[in-house]
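Take 1 as the starting number for the sequence shown in the UniProt record's numbering and just add one per residue.
Virtual Cβ for every residue (Gly too), placed ideally from N, Cα, C.
Note that this is a predicted model, so its numbers are computed, not measured.
Okay, structure first, notes after.
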Amino acid sequence: MANVSIIPSGDFKTSYGTDTTIFPTVTSRNFAILGVVLLLACPAFLDRYWLSLLIQIGYLGIAALGLNILVGFTGQISIGHSAFFGFGAFASAWLSNRWGIPVVLAIPLAGVMTTAIGLVFGMPAARLKGLYLAIATLAAQYILQDFFARADWFTGGTNGMIAEPLTLFGFAFDTDERYFYVVLVAMVIMYLLGTNLMRTRDGRALVAVRDHYLSAEIMGINLTKYRTMSFGISAFYAGIGGALYAHYLQFVSVEGFTIVFSIQFLGMIIIGGLGSIMGTLMGTAFMVLLPEVMQMASKLVSGTAIDAALNLKDNIAFLREMSVGLVIILFLVFEPDGLAHRWKQIKAYWKLYPFSH
């Protein structure tokens, strides 16, 4: 039932072009526009704490979408995504500091530089699959981490690097209220690009490689080309997200881009739904908000009978980290298609109610 697209009566398609629109119905398009309008008003009503969370969802959601294009749409695997995220952060800071390039231009250029690095690692990885591909991407993670620590000219080494705030026509986006709009515009653009990519010939080729690579090859699809392309696209999104992250914090350090961060990126797309654009954003929001919810829960449990019965004591703070791994396992077992699939089921239920079929 959930896999069937239930279109309202009278909302029908008369051409191939209308059948491949971004939004399946007029209502979904209107709700998307309404959501963006509501987000535009957020700085007027939310404090810095909530704006900071929304900004995190924005730049992490961009990077997670790149990983979902690679893993969810193409069927590849990567456990080194945080290294490409970090490279984009350092590249943007390096371009603006070392060469004086305006930050508004340094961010997309950092994405292009990260794409080049992604293609370098993607070319050999394109001929691998399964466990061998996972090990290759793990190697990329540690190679780039070591590069970050040693390349003082590029990253500042263990001391890190200052990232200049984004300035446009003399107006500095150096507060949460201002930078929120930068991340929102970037997120909307990148998600529209990602959605459009999946509607193109190349996007359908990526999905064909995922579904059955032998059939795709028989149909004339160059597997090496599209597997390598998916790594480049994934790295581009990671680079843009990392650059936004750098100019938000205005400082980049090598300690932030570890294998644990890469696992968190995988958790975002697993929880949201592999092969789902909307699910990527839902999974990112879930992963960003989950530690905050667990932090509040830890404060409520601390000093209570539950704390005494389980003998948590000082270890109660680790519930925040444990919850991430537990949630990933629960989703893999009980909801492997992610939040996007559950949302489709909920919509289908209300459209069919009170009928059961």
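Within the same chain, Cβ atoms closer than 7 Å to the Cβ of T158 are found at A149 and V254, the five residues on either side in sequence being excluded. Between the alpha carbons of G80 and L38 lies a distance of about 35 Å. If the five residues before and after A91 are omitted, its C-beta is found closer than 6 Å to the C-beta atoms of A110 and M113, all from its own chain and listed in chain order. Annotation for A163: no alpha helix (DSSP H) segment contains it, and DSSP assigns it neither H nor E. Around the Cβ of I346, a 10 Å sphere holds fewer than 16 other Cβ atoms; the residue is exposed. V252 is positioned such that its CB atom lies closer than 7 Å to that of A246.
According to the DSSP assignment, A140 belongs to the alpha helix (DSSP H) that extends over L131 to R150. A Cβ-Cβ contact shorter than 7 Å links V182 with L166.
As a beta-bridge residue in DSSP terms, L168 pairs with F171. Boundaries for Y353: no alpha helix (DSSP H) harbours it, and the DSSP string shows neither H nor E there. The residue from G160, G303, G35 and F31 with its alpha-carbon nearest to that of F257 is G160.
For S52, same chain residues with a beta-carbon under 7 Å away, outside a window of 5 residues either side, are D176 in chain order. For N222, no alpha helix (DSSP H) encloses it, and the DSSP letter there is neither H nor E. Of all C-beta pairs linking the region 213-231 to the region 121-139, three or more are shorter than 8 Å, placing the two stretches in contact. When C-alpha distances from G267 are compared across G283, G279, P124 and I62, the shortest belongs to G283. Between G61 and L274, the C-beta spacing is not below 7 Å. By the Cβ test, the region 195-210 is not in contact with the region 45-59, since fewer than three Cβ pairs between them sit closer than 8 Å. According to the DSSP secondary-structure assignment, V252 is paired through a beta bridge with M161.
Rounded to whole angstroms, A116 and F355 show a C-alpha spacing of 53 Å. The C-beta distance from A125 to F265 rounds to 17 Å, too long to meet the 8 Å contact threshold. In chain order, G194, Y237 and T280 place their CB closer than 6 Å to the CB of L65, counting only its own chain and leaving out the 5 sequence neighbours on each side. In the DSSP assignment, A126 falls outside any alpha helix (DSSP H), carrying neither H nor E.
The residues I55, Y59, Y179 and V183, in chain order, have a CB closer than 8 Å to that of Y248 in the same chain once the five nearest residues on each side in sequence are set aside. G239 is not a Cβ neighbour of G338, given a cutoff of 7 Å. For S15, same chain residues with a beta-carbon under 6 Å away, outside a window of 5 residues either side, do not exist. With contacts defined as CB atoms closer than 7 Å, M278 and A186 fail to qualify as a contacting pair. From the listed residues E292, G241, Q250 and S28, the smallest Cα separation to I162 is found for Q250.
In this structure L326 is exposed. Its beta-carbon is surrounded by fewer than 16 other beta-carbon atoms within 10 angstroms. Taking C-beta atoms as the reference points, Q141 and I259 count as a pair closer than 7 Å. For the pair L133 and Y349, the Cα-to-Cα distance works out to about 40 Å. The Cβ atoms of V103 and S96 lie closer than 7 Å to each other. With a 10 Å radius around the Cβ and a threshold of 16 neighbouring Cβ atoms, T74 comes out buried.
With respect to S82, S323 sits apart: the two C-beta atoms are not nearer than 7 Å. Taking K299 as reference, the option from L119, I218, Q145 and L319 with the minimal CA-CA separation is L319.
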